[in-house]
Amino acid sequence: MTIIYVHDNNQSQNVTCSDGSQGVLRVSKLNNAMRYSFKFYSHAHLGFWLDKHQFYDGKSLIVKGVLENERLEIKFVN
Numbered sequence: 080m081t082i083i084y085v086h087d088n089n090q091s092q093n094v095t096c097s098d099g100s101q102g103v104l105r106v107s108k109l110n111n112a113m114r115y116s117f118k119f120y121s122h123a124h125l126g127f128w129l130d131k132h133q134f135y136d137g138k139s140l141i142v143k144g145v146l147e148n149e150r151l152e153i154k155f156v157n
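In the working numbering, the protein residues as written are 80 to 157.
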């Protein structure tokens, strides 16, 4: 499982993963609801998005890809 380290400040930001890879978290509003979209550099991990109620510390998820599924966890940092 790969852990994604995120600052819980509702702002777009660069993120780092437990395997050393990096990516971007983009925070936006969609129909008056917050959306958190994750994209990773060099296709290190599959991109995905979460709604506000799905975005919390310790959130574990499986991102389904064409060739494989990936287990990820969100970890809030200061």
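All C-beta atoms in this analysis are idealised placements derived from N, C-alpha and C, irrespective of residue type, glycine included.
As the structure is a prediction and not an experimental result, all values here were calculated from the model.
Query                                                                                                                     : Result
Inter-residue spacing [alpha-carbon to alpha-carbon] between THR95 and VAL145                                             : 24 Å
Cut-off 8 Å between Cβ atoms - residues of its own chain near ASN89, not counting five sequence neighbours on either side : VAL106 and MET113
Alpha-carbon spacing of ASN111 relative to TRP128, whole angstroms                                                        : 16 Å
Check whether THR81 and LEU140 have beta carbons under 7 Å apart                                                          : no
Buried or exposed by the 16-neighbour rule on C-beta atoms within 10 Å, applied to HIS132                                 : exposed
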